[in-house]
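Each remark here refers to the structure printed beneath this line.
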Amino acid sequence: MTAASWGSTGYMTLLVVLLVFVAVGVVPILATAYQFLAIPFHSVINHYKKAAPYLPRVAVIVPAWNEGAVLAASIDRLMRLEYPRSRLRVYVVDDASTDDTPEVVLGKAAQYPGSVFHLRRDKGGEGKAHTLNHGIRVVLAEEWMQALLIMDADVIYLPDSLRRMTSHLADPEIGAVTAYIAEGSADKNYLTRFIGMEYVLSQAAARRAQNVLGALACLAGGAQLHSRENLLAIGGEIDTSSLAEDTVTTFKTQLAGRRVVFEPHAVVLSEEPQMIAALWKQRLRWARGNVYVTWRYRKVWFRPTRKHNLGSFSFGIFWFSIFLLPVAMILSSTGLIGLYFMHSAFAAIVFRATWAAAACTYVYSISIAVQLDGRTGRRSWREAVLFPGFISILIMVTAFFPGLLEQRIPALFGLKPSPVAMAVWTLFVYSWISLSMVGAWVAKRVEVTRAGRFLTPLLIYLVGYGPLLCAVTVDSYIKEFRHAESVWDKTEKIGRVS
Amino acid sequence: MKHSAFVDRQHATMKNSSIRVEILPLTARNPGTAFLRQEIELNRKSERWLVLKGFIALVLVGILVTVRLVFFS
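If you're matching them up, the sequences are chains A and B in order. Our numbering puts the first residue of the first sequence at 1, with every later residue one more than the last. Our numbering puts the first residue of the second sequence at 1001, with every later residue one more than the last.
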């Protein structure tokens, strides 16, 4: 590096641009750290002071399309809820099912007269929102319903969950309440354990932080309780224009001036995919929904108002940190590689600072998450540790403890890496954050092969579960860019929740 | 919470100088206002543990940073 080159304006401009690229990659790390540091504040900033004993008349709407395998157990569990039977009605909206769903529901309606109702749509397959609206029209036509619970056919509510949710509706400022959806499959595999850990991070942890910051990103589709007043305020129906009807409902509630609360002690168990292909389909639907929501509410972001907190700077940063995470990862890699070729020593400093921040955030967030749900933490400790992937952990070690992997450990065996080997390793490390998404995509492709049974879990443990979700997000960008058809692909459920 | 007993009764235990009263549900389906109020209060109090959990997580980060500074600077 010469003094002349440092003096060059073009050189300096490129250097600054590359640094900005890396800085963009740091934003999601800092946003995650900020969000998780806010969690302890939920000890004092929560809604319990305004919650009160309140048992409104709740209409439960269960959208069902060919859910015969899971409905009977779900209805039985709903009827066993620790909630006054006279204040609970279950409306199963049968979306023109072709299996034994009608017979199952009618059987349960006979078993629980006056509590379980079968509503049939003649034309089905239009999506969950249309199905829900069919039921909502029926319950709104009567004065009986004071609160509406929207759930999925396969989820299991723990007995005390509903009353824990309704207590928040005693405060008229609260429009809707959501519960903690925990992965509840009886026959867990590596993927359901990863999903279980993801739900601890994204719900038990992140939604507490969102309670503190006063803006919730999404009411869980399988556990959202609305007051009648809120339902009417948002138009008396669920948005049918997107694949993310639950997120749109959450935004509409808050934009209408009511608050949305996450109740961490109300637990709902759900059955999650055991194969990457099914997970990919489900998450692609969610991710494409988020693309729609981001565009639809483009005039909300970063515009603070007293009416709601969706426009706050912190909420905007959280939202875009997830929505644009793959972009940030690619920019970060590009910046580091560019810096390496311009000034390798400087690139090393930037790399260490970036990945050391990532390491601290990872240790803090995983440590607090496993404490929030000890049961999941104990069951899924491997997935908790390897959430970012084994290779990323190696890179964090490389960044945090300089020389350990490249010099000290090889020296124990009398080895000294050559300069070429070091250059290859360095470039690999700098580009890994982007390569990890490719690795996750390869895991999906390998899954359908004969070796997939062993190779896919191995690949996911190596590249990480986080990059898998980022790869899905990239796929959603591509699908949206190509204006691919938005299809409601139902996730197959077979009643594995215990 | 003892859901096995569905009769309205109260347990009072003396602990130091404070009295802790545990209210049991009237019935499983209709536990009563006092029980629900107690449940909300227990939920609120249990959130206080978040401070300790956050502290433990920070300590782990602190250990990591200390090892870095002592052995790798």
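Beta carbons: idealized from backbone N, C-alpha and C, even for Gly.
- Message: With a threshold of 8 angstroms between beta-carbons, can Lys1053(B) be considered close to chain A, or not?
- Response: Residue 1053(B) sits at position 53 when you count from the first residue of the second sequence. Yes, because at least one Cβ of chain A sits closer than 8 angstroms to the Cβ of Lys1053(B).
- Query: Under a three-way DSSP split, which group does Val60(A) fall into?
  - Reply: Residue numbering aside, residue 60(A) sits at position 60 when the first sequence is read from its first letter. If DSSP states are grouped into helix, strand and coil, Val60(A) belongs with the strands.
- Between Phe262(A) and chain B, is there a C-beta pair that is closer than 8 angstroms? On the first sequence, residue 262(A) is found 262 positions in, with the first residue counted as 1. Chain B contact via Cβ: absent.
- Message: In the DSSP output, what is Thr178(A) paired with across the bridge?
- Response: For the purposes of this step, residue 178(A) is identified with residue 178 of the first sequence, where counting begins at 1. The partner list for Thr178(A) (beta bridge, DSSP) reads Gln224(A), Phe262(A).
- Query: Using a beta-carbon distance below 8 angstroms, is Thr1066(B) in contact with chain A?
  - Reply: Sequence index remark: in the second sequence, residue 1066(B) carries index 66 (1-based). Thr1066(B) does not count as touching chain A.
- Query: Since Leu469(A) and Arg283(A) are thought to touch, with beta carbons under 8 angstroms apart, how far apart are those beta carbons, to the nearest angstrom?
  - Reply: Translated into positions along the first sequence, residue 469(A) becomes position 469. Translated into positions along the first sequence, residue 283(A) becomes position 283. Confirmed, about 6 angstroms.
- Message: Let's see if you can read the secondary structure: which residues bound the alpha helix (DSSP H) around Arg137(A)?
- Response: Along the first sequence, one-based indexing puts residue 137(A) at 137. First-last of the alpha helix (DSSP H) with Arg137(A): 128-140.
- Could you spell out where the alpha helix (DSSP H) holding Asp94(A) opens and where it closes? Residue 94(A) sits at position 94 when you count from the first residue of the first sequence. Taken as a continuous stretch (DSSP letters only), Asp94(A) belongs to no alpha helix (DSSP H), being part of the beta strand (DSSP E) at 88-94.
- Item | 7 angstroms Cβ shell around Ser86(A) - same chain, five flanking residues per side excluded | Looking up residue 86(A) in the first sequence gives position 86. Excluding sequence neighbours, Ser86(A) sits near nothing in its chain.
- Message: Less than 8 angstroms between CB atoms is the rule here; does Glu1022(B) satisfy it with respect to chain A?
- Response: In the second sequence, residue 1022(B) corresponds to position 22, counting from 1. Not one chain A Cβ lies under 8 angstroms of Glu1022(B).
- Task: Quick one: grab the DSSP three-state call for Tyr499(A).
- Result: Outside the displayed span of chain A (1 to 498) sits residue 499(A), for which this structure offers no information.
- Query: To the nearest angstrom, how far is it from the Cα of Ile1063(B) to the Cα of Ile395(A)?
  - Reply: Taking the second sequence and counting its residues from 1, one reaches residue 1063(B) at position 63. Taking the first sequence and counting its residues from 1, one reaches residue 395(A) at position 395. Spanning the two alpha carbons is a distance of roughly 19 angstroms.
- Between the Cα of Val446(A) and the Cα atoms of Ile460(A), Glu183(A), Ala153(A), Val138(A), which residue gives the shortest distance? As a first step, residue 446(A) must be located in the first sequence, where it is residue number 446. Checking every option, the nearest Cα to that of Val446(A) belongs to Ile460(A).
- To the nearest angstrom, how far is it from the Cα of Phe323(A) to the Cα of Thr354(A)? Position 323 of the first sequence, counted from the first residue, corresponds to residue 323(A). Position 354 of the first sequence, counted from the first residue, corresponds to residue 354(A). For Phe323(A) and Thr354(A), the distance between alpha carbons rounds to 20 angstroms.
- With 8 angstroms set as the bound, which would you pick, yes or no: does the beta-carbon of Ser367(A) sit closer than that to a beta-carbon of chain B? Indexing the first sequence from 1 puts residue 367(A) at position 367. Ser367(A) counts as touching chain B.
- Query: Is the beta carbon of Leu415(A) less than 8 angstroms from the beta carbon of Phe1072(B)?
  - Reply: Numbered from its first residue, the first sequence carries residue 415(A) at position 415. Numbered from its first residue, the second sequence carries residue 1072(B) at position 72. It is not a contact, given that the beta carbons lie outside the stated cut-off.
- Item | Straight-line Cα distance separating Thr398(A) from Pro410(A) | As a working note, residue 410(A) is residue 410 in the first sequence. As a working note, residue 398(A) is residue 398 in the first sequence. Distance between the alpha carbons of Pro410(A) and Thr398(A) is about 13 angstroms.
- Counted within 10 angstroms of its Cβ, other Cβ atoms place His483(A) as buried (16 or more) or exposed: As a first step, residue 483(A) is located in the first sequence; it is residue number 483 there, counting from the start. When all chains shown are included, His483(A) counts as exposed.
- Going straight from the alpha carbon of Lys108(A) to that of Ala209(A), what length do you get? Against the first sequence, residue 108(A) aligns to sequence position 108. Against the first sequence, residue 209(A) aligns to sequence position 209. Cα to Cα, the separation comes out at about 40 angstroms.
- Please list the partners that His42(A) has in chain B, where partner means a Cβ-to-Cβ separation under 7 angstroms. Stepping through the first sequence from its first residue, residue 42(A) is reached at position 42. By Cβ distance, chain B contributes Glu1047, Leu1050.
- the stretch 90-97 of chain A contacting the stretch 109-129 of chain A, beta-carbon criterion three pairs below 8 angstroms: yes
- Item | Which of helix, strand or coil DSSP assigns to Ile45(A) | Locating residue 45(A) in the first sequence gives position 45, where the first residue counts as 1. It is coil, neither helix nor strand.
- Beta-carbon spacing of Tyr180(A), Val261(A) below 8 angstroms: For the purposes of this step, residue 180(A) is taken as residue 180 along the first sequence, with counting starting at 1. For the purposes of this step, residue 261(A) is taken as residue 261 along the first sequence, with counting starting at 1. Their beta carbons are not under 8 angstroms apart, which means Tyr180(A) does not touch Val261(A) by this criterion.
- In the DSSP assignment, find the alpha helix (DSSP H) that holds Met422(A) and state where it starts and stops. Against the first sequence, residue 422(A) aligns to sequence position 422. Counting along the chain, the alpha helix (DSSP H) containing Met422(A) begins and ends at 419-447.
- Message: Rounded to whole angstroms, what is the Cα-Cα separation between Gly124(A) and Pro172(A)?
- Response: Reading the first sequence from its first residue, position 124 is the one you call residue 124(A). Reading the first sequence from its first residue, position 172 is the one you call residue 172(A). Gly124(A) and Pro172(A): Cα-Cα distance of roughly 35 angstroms.
- Task: Can you pull the chain B residues whose beta carbon is under 8 angstroms from the beta carbon of Asn66(A), in chain order?
- Result: Here residue 66(A) refers to the residue found at position 66 of the first sequence. Under the 8 angstroms cutoff, chain B gives no residues; its nearest Cβ is about 32 angstroms from Asn66(A).
- Quick one: which chain B residues come within Cβ less than 7 angstroms of Ile39(A)? What you label residue 39(A) is simply residue 39 of the first sequence in a count that begins at 1. Within chain B, the residues near Ile39(A) are Leu1050, Gly1054.
- Alpha carbon to alpha carbon, how far is Arg379(A) from Arg193(A)? Taking the first sequence and counting its residues from 1, one reaches residue 379(A) at position 379. Taking the first sequence and counting its residues from 1, one reaches residue 193(A) at position 193. Arg379(A) and Arg193(A): Cα-Cα distance of roughly 8 angstroms.
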